[in-house]
Structure formats: C-alpha cells, structure tokens
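The structure is reproduced here in structure tokens:
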C-alpha cells in the first residue's frame, strides 16, 4: 500500500447508467461508511436520464467525485474507467442498486490490513504459489450479502464453498437462486491486485471472470461472514432487464469465454492478466479534477494515451481536453 498500511485510502467506485432514481441512496450509503479514509467516485456511463442532476447535492463533499463518460462503455469498462482514474490503496465497487451496510468497508479494511495471517501448514499452499508458515497478505476481502428479488423474496447468500462454481459446479447444489455465490463485485481489493492481474474483461460476466482470475492465480481471498450488503434486484437491474441482454446469446457466449479460461488454467496453472482496452475512453465532465489520478495497472497503448488525455482536464471547468 502506498500510504499508511494500517489506514489505507479506499476508493469506492459506483458505476451507473440511467439510475437517477437510485443513485442518491447508493452515494449516501457509500459516504456514510464508518471507515473514515474513503473517496467515492461515481462513473456515469453516459446516462440519458437525470443522473447528473441527482448527484448535485453531493458535489460539495471533498470526498466525492462525479465523472461523466463521453460515451457509453458498458458495465465492465465503466468499472475499468473507475480503476484507471483513481489511485487509492484499495478499491471496492458498489452498484447503484446496492446498499452497503455502514460498517462494510471497515470490516474489509481490518482484513486487508491484518498483520498476523499465516499460511497454516495443514493446507497445500504450493498450489497457490505460497509456502507453509509464511505471512500472507489478503488480496480481496469479500462479504456475505442478502439479495432482495423482484417478487419480494429475501435470500441470504452464504456460499463459501461455491466461490468457484466454474471449476467445481458440484459445490453449487442447494442454492436458492442459480449461480448463488459470494458477491465479488463489492469485494475490497488491494490495489496491487490490479497491477498483477489487470482489469475487468469487457463482457457481461466480468465479475465472474475476475473472481476466477483472482482465485486461480493464487490470490488470497478472505470471506467476512457477516451480511454486509443488501443487493436489490429491480425489474431494470442488470440481472433482470431484457435491455441488458443479461440472459441472452451474448451472455452464453461470454460464459463460454469464462470457461475457456478455466480450461487454460487446467493446462498451465495460470490465467493471463487482462490489460484494460478502452481506446475510446473520454470524459465530458469531472466535478473534482484534483481527485483524478492514474492507477498503475496493465493497459493497451491506445488506452494509455487516452488516460493521459483525460488527465489533461482543465481544473477550472472540469471539461476534458479533446
């Protein structure tokens, strides 16, 4: 970590698109986290609704930054844009329909900053590229969560064993909803994880692929057992909306990409990093240009050039250099 290892700056990135009716609650929940050293960045993926008006009430908060992308990039690359333009010691993502409980980040920071976690010699650490007895740094702190479905059902997601259902689907039995796994999207990730592994794959299954890449490459993942996030599935949520093509031919094709990487892992024991590739990255507005920073992570040359352009923001106006 780049600052005090016991007091990391946490970037809370909220990607959003046309969720003006929900975004205020998501921002408020993020800013009211009990962990004090935070910065909240909304990545507006070129919304066409009143999102920009909805966030105005937060612009005076020095911990808050609103970045409006100049064109719609999709969920995965909106997250990648959030990564590229922030540089905190740790990063978590909250969807606009997620309500993190007040102590969520605090619990996760305690795990990431723990100094007494060791590799117990009763486990086969060689498979993860570690040695028994060595001190371990946790790469990602995940939490259990509750899921509120459109029909009103409340489902508690406590599925530690099914974290890797793409490798061991036989551990998924008994799930109340298909693909019931601990929520990777709202995990807290140590910044150097992205330096080693890259960003999100540009696909609908980006969380699933990133989860697999973390685990299959031997990163240390810790599960906080408390329910620290409420995820609300509304009719226009990604997992429910027909507009998103979530349950579509594209999703099936993206799932095949995820499974193909598992096959690569079976063959050579590693999954390759994913350089961020957004050659069209641009922003039309930034509320706090002084909070922009470039994260050290793999990117394509074209993306690197675009990031440099974005960082040429004129501080007085918040308008991107074109």
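In UniProt numbering, the protein residues as written are 1 to 322.
No residue lacks a Cβ here, since even glycine has one placed at the ideal position from N, Cα and C.
CB contact flag (residue i, residue j, <8 Å)
i, j, result
"residue 284", "residue 70", "yes"
"residue 89", "residue 41", "no"
"residue 56", "residue 191", "no"
"residue 279", "residue 302", "yes"
"residue 311", "residue 292", "yes"
"residue 150", "residue 209", "no"
"residue 248", "residue 66", "no"
"residue 45", "residue 73", "yes"
"residue 250", "residue 313", "no"
"residue 189", "residue 91", "yes"
"residue 224", "residue 109", "no"
"residue 217", "residue 166", "no"
Bridge partners - residue i, DSSP secondary structure assignment
i, result
"residue 65", "41"
"residue 189", "91, 140"
"residue 222", "141"
"residue 198", "274"
"residue 154", "148"
"residue 11", "39, 91"
"residue 227", "144"
"residue 16", "44"
"residue 232", "148"
"residue 135", "118"
Beta-carbon contacts of residue i that lie in its chain and below 7 Å, excluding the five residues immediately before and after
i, result
"residue 5", "113"
"residue 119", "125, 130, 131, 132, 133, 134, 136"
"residue 154", "146, 148"
"residue 102", "32, 33, 34"
"residue 158", "144"
"residue 227", "144, 145, 146, 156"
Own chain partners of residue i with C-beta closer than 8 Å, once the 5 adjacent residues on each side are dropped
i, result
"residue 20", "47, 49, 50, 51, 53, 54"
"residue 79", "13, 15, 43, 93, 199, 200, 206"
"residue 242", "Residue confidence for residue 242 is low, a pLDDT of 49 falling below 50, so the modelled location carries little weight; the figure read from the coordinates is stated next. Correct list: empty, nothing qualifies."
"residue 215", "163, 164, 221"
"residue 23", "14, 16, 42, 51, 54, 55, 96"
"residue 25", "99"
Cβ-based neighbour list, residue i, same chain, cut-off 6 Å, excluding 5 preceding and 5 following
i, result
"residue 220", "136, 138, 139"
"residue 99", "29, 230"
"residue 273", "197, 198, 298"
"residue 106", "34, 35"
"residue 27", "58"
Cβ-heavy atom distance, residue i to the ligand COA, below 7 Å
i, result
"residue 304", "Questions concerning the ligand COA fall outside what the structure shown contains, since it holds no ligand whatsoever."
Touch test, the region 259 to 272 against the region 49 to 56, Cβ-Cβ under 8 Å, three pairs minimum: no
The region 54 to 65 touching the region 185 to 192, judged by at least three CB pairs closer than 8 Å: no
At least 3 beta-carbon pairs within less than 8 Å: the region 72 to 88 vs the region 299 to 315: yes
3-residue-minimum beta strand (DSSP E) runs that sit fully inside the region 96 to 128, ordered along the chain: 98 to 100
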